[in-house]
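In full-length UniProt numbering, the protein residues as written are 1 to 588.
Beta carbons: idealized from backbone N, C-alpha and C, even for Gly.
The following block contains the structure:
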């Protein structure tokens with residue numbers, strides 16, 4: 001580890017100018033190596049000799065005082081840097097040092113340079129004030145998480161366990177749980193974070209308990225346990241009601257918004273994100289702003305508003321760049337490429353997703369890579385490359401299964417089943433060879449039911465209905481459309497409702513209890529109502545299909561020919577479920 005002028009000044013108890021002169025003199029004498037700028041490194045032999053002389057010539061109290069000055073100085077400086085990134089979080093110390101940095105970039109560069117020396121210093125901090133050690137360790141842990149330096153975080157965890165100071169251990173264990181989540185070790189993360197919540201509660205430390213609950217809620221979300229995730233995050237928000245925890249609350253709010261988005265509760269998600277962004281700005285959290293903009297971008301994609309989504313995601317990308325969050329940058333790039341896919345521009349989406357997948361791999365972010373491969377599979381489907389599309393979807397399915405992300409696994413199964421079904425149908429000319437695809441859809445539906453995602457379950461019911469109808473099981477297919485309609489109606493998705501009603505109309509002539517004539521009459525009546533009830537969220541494909549099928553019904557259907565909607569390409573395409581037809585207030 002190299003030594004800077006500020007650290008030397010703290011150790012010597014003198015000003016930086018005098019410390020700089022001393023370091024330069026030692027370098028001229030050949031006792032120090034000049035690394036760059038004002039940084040120097042001791043030779044190993046010199047370090048060993050100096051350590052021995054120090055023990056012989058300096059009193060223990062003086063050595064401890066010098067170490068404490070150094071650690072307090074580093075703690076204040078590191079705290080200043082992390083404040084520029086995360087704002088006024090409760091993890092920062094109460095004291096705000098007078099040390100200033102010209103820019104966030106300069107501050108992060110300084111911490112980059114000092115990280116190794118700080119870690120080495122902390123190894124010799126047995127007799128130093130534990131409050132100062134805790135502040136410095138906390139800042140160093142947060143920086144390790146920001147930069148993805150999980151190896152160094154493991155070293156710090158070992159240091160904390162050796163010290164065995166309650167608050168110190170809790171603080172580092174909390175960050176270790178977050179690191180496990182970042183590596184895709186979700187079971188380990190959940191167990192660690194649940195135990196940290198208990199430790200903070202036993203210590204009656206509400207701010208710490210709330211932070212750990214927030215991290216636990218995010219982990220549960222990543223595992224697809226949306227109901228419990230929402231409950232943990234709401235519990236954290238309740239603990240963060242005091243004004244001094246407003247910046248902490250902002251992080252919990254945008255985490256809860258992500259859960260509610262996946263539960264199709266879009267108005268609540270939008271409200272939470274708007275309020276979290278205000279709090280992040282008020283608290284000076286550039287990093288928090290980045291994640292709020294990222295979530296707003298994802299929400300805009302769910303609403304089909306691609307220009308708004310791209311604006312939000314670029315705002316997130318710029319802030320991730322300023323805070324040197326490579327993981328955040330990779331996630332933003334994934335969603336920007338996905339925006340191209342939602343906009344119907346599949347070729348650039350494929351290129352962007354491949355680049356983003358490489359960045360996720362470089363960051364050792366298994367979950368980021370899995371979701372990127374999932375979107376890549378869909379983009380390849382749009383370009384007509386069904387074989388590689390299935391391969392990428394299957395790779396994502398394997399990764400989600402390995403990390404026990406039930407939500408991701410369900411969607412990967414859903415889309416893998418669709419593409420596999422379409423691939424076989426293109427080869428054989430019918431849906432009769434869809435057994436494997438149907439089993440995947442059955443499994444996906446069970447997963448969606450288990451984690452409480454009505455949006456996913458409803459669309460899976462419709463895809464199952466298509467398979468059953470194509471295999472002359474029209475009564476079962478009609479029942480599945482009715483189940484999907486109930487689910488879509490329950491959470492207010494008019495786009496999904498449209499497709500459930502339309503497919504029901506295509507099936508009624510073949511499956512109505514009163515026979516074909518009665519079924520055709522009911523289908524004509526329901527289809528006319530559907531055409532009249534136009535709304536902005538309606539899928540353009542359905543706008544074309546509905547009047548065309550009405551004309552077919554007028555001419556009369558042939559029972560011998562069987563269900564015709566698949567052959568006529570009148571079933572929902574992949575893009576239909578990209579957008580949730582849930583009304584939300586205007587985004588201000």
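Span separating the alpha-carbon of residue i from that of residue j
{"i": "residue 153", "j": "residue 39", "result": "24 Å"}
{"i": "residue 41", "j": "residue 30", "result": "11 Å"}
{"i": "residue 302", "j": "residue 378", "result": "16 Å"}
{"i": "residue 215", "j": "residue 138", "result": "16 Å"}
{"i": "residue 465", "j": "residue 169", "result": "54 Å"}
{"i": "residue 316", "j": "residue 339", "result": "14 Å"}
{"i": "residue 419", "j": "residue 307", "result": "28 Å"}
{"i": "residue 17", "j": "residue 62", "result": "22 Å"}
{"i": "residue 295", "j": "residue 288", "result": "11 Å"}
{"i": "residue 73", "j": "residue 120", "result": "15 Å"}
{"i": "residue 205", "j": "residue 192", "result": "17 Å"}
{"i": "residue 97", "j": "residue 33", "result": "The predicted model places residue 97 with a pLDDT of 40, which falls under 50 and marks its position as unreliable; any figure quoted below should be read in that light. Distance between the alpha carbons of residue 97 and residue 33 is about 30 Å."}
{"i": "residue 373", "j": "residue 108", "result": "32 Å"}
{"i": "residue 305", "j": "residue 219", "result": "28 Å"}
{"i": "residue 555", "j": "residue 500", "result": "23 Å"}
{"i": "residue 497", "j": "residue 526", "result": "13 Å"}
{"i": "residue 352", "j": "residue 447", "result": "29 Å"}
{"i": "residue 35", "j": "residue 4", "result": "10 Å"}
{"i": "residue 99", "j": "residue 19", "result": "In this prediction, residue 99 has a pLDDT of 47, which is less than 50 and means its spatial position is unreliable; what the coordinates show is noted afterwards. Distance between the alpha carbons of residue 99 and residue 19: 17 Å."}
{"i": "residue 6", "j": "residue 155", "result": "24 Å"}
{"i": "residue 547", "j": "residue 369", "result": "42 Å"}
{"i": "residue 95", "j": "residue 76", "result": "Bear in mind that a pLDDT of 41 at residue 95, under 50, signals an unreliable position, so the number given afterwards is only what the model happens to contain. Distance between the alpha carbons of residue 95 and residue 76: 8 Å."}
{"i": "residue 595", "j": "residue 134", "result": "Residue coverage of the chain in this structure runs from 1 to 588, which leaves residue 595 outside it and unanswerable."}
{"i": "residue 424", "j": "residue 435", "result": "10 Å"}
{"i": "residue 350", "j": "residue 190", "result": "33 Å"}
{"i": "residue 593", "j": "residue 566", "result": "Residue 593 lies beyond the range of the chain shown here (1 to 588); nothing can be said about it."}
{"i": "residue 335", "j": "residue 354", "result": "12 Å"}
Best match in the options for proximity to residue i [C-alpha to C-alpha]
{"i": "residue 314", "options": "304, 551 and 337", "result": "337"}
{"i": "residue 482", "options": "472, 470 and 512", "result": "512"}
{"i": "residue 281", "options": "271, 250 and 262", "result": "250"}
{"i": "residue 243", "options": "89, 114 and 201", "result": "89"}
{"i": "residue 552", "options": "505, 213 and 322", "result": "505"}
{"i": "residue 578", "options": "232, 106 and 298", "result": "298"}
{"i": "residue 278", "options": "300, 247 and 269", "result": "247"}
{"i": "residue 106", "options": "80, 122 and 117", "result": "80"}
{"i": "residue 263", "options": "344, 524 and 455", "result": "455"}
{"i": "residue 252", "options": "291, 183 and 284", "result": "291"}
{"i": "residue 130", "options": "544, 159 and 380", "result": "159"}
{"i": "residue 360", "options": "69, 37 and 148", "result": "148"}
{"i": "residue 463", "options": "407, 449 and 445", "result": "445"}
{"i": "residue 184", "options": "542, 367 and 82", "result": "367"}
Rounded distance between the beta-carbons of residue j and residue i, thought under 8 Å
{"i": "residue 451", "j": "residue 224", "result": "4 Å"}
{"i": "residue 221", "j": "residue 259", "result": "5 Å"}
{"i": "residue 365", "j": "residue 327", "result": "6 Å"}
{"i": "residue 589", "j": "residue 143", "result": "An answer regarding residue 589 cannot be provided, because it is not within the stretch 1 to 588 covered by the chain."}
{"i": "residue 319", "j": "residue 286", "result": "5 Å"}
{"i": "residue 430", "j": "residue 470", "result": "7 Å"}
{"i": "residue 186", "j": "residue 405", "result": "7 Å"}
{"i": "residue 128", "j": "residue 71", "result": "5 Å"}
{"i": "residue 409", "j": "residue 397", "result": "6 Å"}
Closer than 8 Å to chain D by CB, residue i
{"i": "residue 13", "result": "Here there is only one protein chain, and chain D is not present."}
Limits of the unbroken beta strand (DSSP E) element including residue i
{"i": "residue 404", "result": "Premise fails: residue 404 is in no beta strand (DSSP E) and is neither H nor E."}
{"i": "residue 42", "result": "39 to 42"}
The ligand NAD heavy atom lying under 7 Å from the CB of residue i
{"i": "residue 156", "result": "Within the structure as shown, the ligand NAD is missing, as the structure has no ligands at all."}
Enclosing alpha helix (DSSP H) for residue i [first to last residue]
{"i": "residue 237", "result": "226 to 239"}
{"i": "residue 526", "result": "516 to 532"}
{"i": "residue 557", "result": "Where residue 557 is concerned, there is no enclosing alpha helix (DSSP H), given that its DSSP letter is neither H nor E."}
{"i": "residue 323", "result": "Residue 323 -> no alpha helix (DSSP H), and no H or E assigned at all."}
{"i": "residue 254", "result": "246 to 262"}
{"i": "residue 135", "result": "130 to 147"}
{"i": "residue 207", "result": "206 to 222"}
{"i": "residue 566", "result": "Here residue 566 belongs to no alpha helix (DSSP H), and DSSP marks it neither H nor E."}
{"i": "residue 271", "result": "266 to 282"}
{"i": "residue 121", "result": "104 to 122"}
{"i": "residue 506", "result": "494 to 511"}
{"i": "residue 350", "result": "346 to 362"}
{"i": "residue 384", "result": "First-last for residue 384: undefined, no H or E at that position."}
{"i": "residue 454", "result": "454 to 470"}
{"i": "residue 187", "result": "186 to 202"}
{"i": "residue 435", "result": "435 to 451"}
Practice task
Answer yes if the segment 532 to 541 comes into contact with the segment 515 to 523, meaning at least three C-beta pairs across the two stretches below 8 Å, and no otherwise.
Solution key: no
Handout entry: Meets three-Cβ-pair contact criterion under 8 Å: the segment 573 to 588 and the segment 473 to 482
Key = no
Exercise for the section: Tell me, please, whether the segment 256 to 275 touches the segment 231 to 240 by the rule of three or more beta-carbon pairs shorter than 8 Å. Expected result: yes
Practice task
Indicate whether the contact test is met: 3 or more Cβ pairs, each with one atom in the segment 194 to 212 and one in the segment 384 to 399, closer than 8 Å.
Solution key: No, the segment 194 to 212 does not touch the segment 384 to 399.
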